[in-house]
Amino acid sequence: MPRSELVDIEVNIKHRTDKAVLVESLDTNAEAWLPLSLIEIDESGRLLVDITLPRSLAEEKGLI
């Protein structure tokens, strides 16, 4: 996927399973389940993490 079709957002991970994470967007306060197969998580030991995901998925879930 071209980089222009991806977005990076800062979220709080509220719950995690083997296949998905429940995140809360800091920008919109929206919560959404995201499949791990479609996102990249940058966890650097912080409570908040940056995720990279397709722009269309972020818009569909109300995260941006």
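Heads up, the sequence shown is in our numbering, so the first residue is 2 and it goes up one at a time.
Glycine is no exception: its CB is placed at the ideal position from the N, C-alpha and C atoms.
Keep in mind that this is a model prediction, so the values were computed, not measured.
Quiz item: For the alpha helix (DSSP H) that residue 58 lies in, which residues bound it at each end?
Solution: Translated into the one-based positions of the sequence shown, residue 58 becomes position 57. Here the alpha helix (DSSP H) through residue 58 covers 56-61.
Quiz item: Do residue 20 and residue 32 have their CB atoms nearer than 8 Å?
Solution: Position 19 of the sequence shown, counting from 1, holds the residue named residue 20. Position 31 of the sequence shown, counting from 1, holds the residue named residue 32. Against a cut-off of 8 Å, the Cβ pair of residue 32 and residue 20 comes out as no contact.
Quiz prompt | Of the listed residues 10, 38, 36, 56, nearest to residue 68 (C-alpha basis) | solution = This structure cannot settle anything about residue 68, because the visible part of the chain is limited to 2 through 65.
Self-check item: Start and end residues, beta strand (DSSP E) containing residue 41
Solution: Here the question's residue 41 lines up with position 40 in the sequence shown. Its beta strand (DSSP E) spans residues 41-43.
Exercise. Assign residue 64 to one of three DSSP states: helix, strand, or coil.
Key: Residue mapping note: residue 64 aligns to position 63 of the sequence shown, counting from 1. Looking at residue 64 - three-state DSSP - the assignment turns out to be coil, as it is neither helix nor strand.
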